[in-house]
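Here's the structure, in structure tokens; my notes come after.
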Amino acid sequence: MRRGLGLSLIIAAGLAGGSRAPAAAQEPRLAGRLPDPVRVQVDALLDSARAAGLPTEPLVDRALEGASKRADGVRIVTAVRRLAGELGAARDALGLESSPAEVTAGASALRAGARAGDLHRLRVLRARQSVTVAAAVLADLVAVGVPPDTAAAAVIALARSADDATYLAFRRNVERDVALGASPVAALGVRLTATGGATAEYPGPRKP
Amino acid sequence: MRDGDRVVDRVVEMLKEPVRIDPVLDRRVMAELAQVPAPRRTTGIVALTGWLVRKRTIAVSPLGGLAAAAGIALAVLAGRAWVFPTAHHEPALTTTAAVSPGADTRAIQFVVLAPRASSVTLVGDFNDWDETATPMSRAVGNGLWSVTVPLAPGRYRYSFLVDGNRWEPDPEAPRALGDDFGRPNSVVTVGGS
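For the record, the sequence lines run as chains C and A. Per my numbering: the first sequence = residues -19 to 188. Per my numbering: the second sequence = residues 207 to 399.
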């Protein structure tokens, strides 16, 4: 629904603009939440993202998060711009056909330290399945202390066989083991073996 | 062969001889067995009750006794931690559970323990980071706050806003990496397959 609204705004802006250079479409949810100068800059970033075929919802969310947390305008614009770059890199790695949810999760994985090549490999191995949860789990594993390359290798090792539920259970188990005192890498290795993912895809922790 | 060995051999030979039993003994034993009443069939509850009340002698090593005492103490403490609010004002315990209300969305329950809070709201990507959109309800008698939100498959960042002025991440959920605004968030991932 939000995407439909965004598309409508683009069309409306185009119609209203006529032969003039089209002004940036205004995201209605930003009204009243951001100071006007900040809102103008964020709207411009949203326009650029839209033109590049990137999902704009995460960008709006990031701006609104900044507004809720009373961040200053510069910080909000910087955060939105940074996220737009990550979304672009994720989309390039995952392909033009990737869904907005996949691109968003891919951007999270990149921020966590995964490489674009990891996302591309994930896409290739899961050509007919969503990579949303796989990429999200990659980021979550890094958050509990697994080195990014090791987390990426594990997630890729599960890519052919695991469904979303398996990925989520795998992540939960690793988190639980780490919370109980296991080292993140050891927990990951044990749980990966138990999940049936310890194949040639995961020869062990990767060296950076 | 020594004398001791010969004695042993004689004892062995004696032990090998068949034991002679009074032939009347067999008949007397069988007659007494016939007078013993057959055991009654008991129901499962009766049998269970009997098993429960039957006295037993249990042998426990000192180490085992200490371990059992420690286990009981741990269970009591864990029960207290769950039943009684902690003294912390900060959220101390959170669980997130998912059920399936529909094909495309999952109902995700967010729970946080904040005994001294007067209000807690759930704020995140799913509600435009609106501080008033998703207030959490406090369970009567304890400090558990909860709310259930339908979410489509995807990855969402969120935080709890306690008393309208303090942002707290979910201690039981993965932390979002690379916070942009100096206040850490948590993430929830909703699967689709």
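Ideal Cβ positions, reconstructed from N, Cα and C, are used throughout, including at glycine.
Query, Result
"State yes or no: is the C-beta of residue 89 of chain C within less than 8 angstroms of the C-beta of residue 115 of chain C?", "yes"
"Is it the case that the Cβ atoms of residue 171 of chain C and residue 158 of chain C are separated by a distance below 8 angstroms?", "no"
"Looking at the secondary structure, which residues open and close the beta strand (DSSP E) in which residue 374 of chain A lies?", "372 to 374"
"Whose C-beta lies closer than 7 angstroms to the C-beta of residue 93 of chain C among residues of the same chain, with five residues either side of it excluded?", "122, 128"
"Taking the DSSP output, what are the residues bridged to residue 361 of chain A?", "A/395"
"Please report how far the alpha carbon of residue 133 of chain C lies from the alpha carbon of residue 389 of chain A, in whole angstroms.", "30 angstroms"
"In angstroms, rounded to a whole number, what distance separates the CA positions of residue 32 of chain C and residue 79 of chain C?", "14 angstroms"
"Compute the distance between the beta-carbons of residue 387 of chain A and residue 59 of chain C, then report whether it is under 8 angstroms.", "yes"
"In the structure shown, what three-state DSSP assignment does residue 327 of chain A receive?", "strand"
"In angstroms with no decimal places, state the Cα-to-Cα distance between residue 392 of chain A and residue 379 of chain A.", "6 angstroms"
"Using a 10 Å radius around the Cβ and a threshold of 16 neighbouring Cβ atoms, would you call residue 17 of chain C buried or exposed?", "exposed"
"Closer than 6 angstroms by C-beta to residue 131 of chain C: which residues in its own chain qualify, once you throw out the five before and the five after it? Chain order, please.", "118, 121, 122"
"Around the Cβ of residue 7 of chain C, are there at least 16 other Cβ atoms within 10 angstroms (buried) or fewer (exposed)?", "buried"
"Going by DSSP, what residue range makes up the alpha helix (DSSP H) through residue 57 of chain C?", "53 to 74"
"One question on the structure: do residue 73 of chain C and residue 99 of chain C come within less than 8 angstroms of each other, judged by their Cβ atoms?", "yes"
"For residue 189 of chain C, which of C/101, C/15, C/14, C/25 has the nearest alpha-carbon?", "The requested residue 189 of chain C does not occur in the structure, where chain C is confined to residues -19 to 188."
"Could you tell me whether the Cβ of residue 390 of chain A comes closer than 8 angstroms to any Cβ of chain C?", "no"
"Report the rounded CA-to-CA distance for residue 368 of chain A versus residue 330 of chain A, giving the unit in angstroms.", "14 angstroms"
"Name the residues in the stretch 369 to 387 of chain A whose C-beta lies less than 8 angstroms from a C-beta of chain C; which are they?", "373, 380, 381, 382, 383, 384, 386, 387"
"Measuring only between beta-carbons, confirm whether residue 162 of chain C sits less than 8 angstroms from chain A.", "no"
"Which residues in chain C have a C-beta closer than 7 angstroms to the C-beta of residue 331 of chain A? List them in chain order.", "41"
"Please list the terminal residues of the continuous alpha helix (DSSP H) segment that includes residue 30 of chain C.", "16 to 31"
"Excluding the 5 residues flanking residue 21 of chain C on each side, which residues of the same chain have their C-beta closer than 7 angstroms to its C-beta?", "57"
"Determine the extent of the beta strand (DSSP E) in which residue 319 of chain A is found, giving its start and end residues.", "312 to 319"
"Considering only the alpha carbon of each residue, which of A/363, A/320, A/383, A/361 lies closest to residue 350 of chain A?", "A/320"
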